[in-house]
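In what follows, a structure is listed as structure tokens, so that the remarks can point back to it.
Numbering (our numbering), first residue to last: 1 to 286.
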């Protein structure tokens with residue numbers, strides 16, 4: 001049965017081949033009407049298919065180009081982000097190096113004092129560093145009443161100590177009072193903290209004798225008679241010195257040497273004024 005089926009298929013194919021040979025041998029004139037009819041139908045279809053194919057191909061090329069551009073853009077964006085981050089790190093490192101150099105320079109100016117370097121880790125106000133915390137505590141030798149310096153000069157005094165932190169009250173705080181003197185004349189005065197006045201970048205100088213010769217621009221340092229602060233630490237510069245209304249004393253203002261808007265690293269003097277006083281008293285007794 002299967003063999004007969006295959007014979008029929010073979011015969012059919014043979015007949016088709018013979019018909020194709022016959023048709024191909026017929027003159028063109030006989031085939032022209034058929035060809036024209038087929039052309040009339042197929043040519044518009046072929047043109048339409050070609051047009052649609054071209055449009056689809058063009059859109060695919062544009063889409064592929066867009067995908068490639070987006071991929072390249074993502075790579076460039078990632079590279080820019082990486083370069084920006086590296087640049088920011090370099091800037092931060094450069095700024096930190098500058099601050100550490102300034103701190104080292106300050107350290108060299110006060111070689112007579114043993115110091116501990118510390119970083120500022122918190123502050124109690126959004127605007128100024130009137131009260132702030134550092135990352136060194138009792139385990140690092142930090143004690144209450146130790147003086148604190150930063151770039152420029154005196155910053156404040158340690159008021160509270162934990163195992164690994166300490167609290168510092170700065171000289172701009174309303175409760176701060178520092179006994180000072182003019183380095184040119186040795187005339188004494190008091191530098192009083194005043195947060196409202198510090199908004200103008202100044203602190204108040206009071207308790208100057210009428211005969212004091214402290215003048216505008218004079219360097220103001222901690223005095224020998226201060227009960228809490230070691231002597232000779234730069235506090236700032238005098239400005240606006242004049243006699244009071246009763247002409248009994250002189251008052252004025254001080255431009256702080258330290259920058260209280262951006263404190264990051266400080267130096268804590270390990271020696272305290274009370275320790276020095278006790279040592280001097282012991283030496284005299286001996």
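Ideal placement from N, C-alpha and C gives every residue a C-beta, glycine not left out.
Within the segment 147 to 213, complete alpha helix (DSSP H) segments of at least 4 residues are found at 195 to 198, given in chain order.
With fewer than 16 neighbouring CB atoms inside 10 Å of its own CB, residue 59 falls in the exposed class. In the DSSP annotation of this structure, the continuous segment of the beta strand (DSSP E) that includes residue 237 starts and ends at 234 to 243. For residue 256, the enclosing beta strand (DSSP E) stretches over residues 249 to 256.
Distances from the alpha-carbon of residue 117 to those of 131, 238, 135, 221 put 135 closest. Between residue 190 and residue 138, the alpha-carbon positions lie close to 30 Å from each other.
The secondary-structure analysis by DSSP pairs residue 220 across a beta bridge with 182, 236.
Around the CB of residue 225, fewer than 16 other CB atoms lie within 10 Å, so the residue is classed as exposed. Boundaries cannot be given for residue 228, as no beta strand (DSSP E) includes it and DSSP labels it neither H nor E. Secondary structure at residue 115: strand, using DSSP grouped into helix, strand and coil.
Here the alpha carbons of residue 130 and residue 243 stand approximately 29 Å from one another.
Residues 210 of the same chain have their beta carbon placed closer than 8 Å to that of residue 247, with the five preceding and five following residues left out of the count. In this chain, residue 144 is not harboured by any beta strand (DSSP E), its DSSP state being neither H nor E. Taken through DSSP and simplified to helix, strand or coil, residue 66 comes out as helix. For residue 261, the closest alpha carbon among the candidates 115, 57, 172 is that of 172. In the DSSP assignment, residue 134 is bridged to 120, 166. Nearest neighbour of residue 258 by Cα position, chosen from 250, 220, 251, turns out to be 220. With 16 or more neighbouring CB atoms inside 10 Å of its own CB, residue 253 falls in the buried class. In terms of Cα proximity to residue 265, the closest of 123, 80, 77, 72 is 123.
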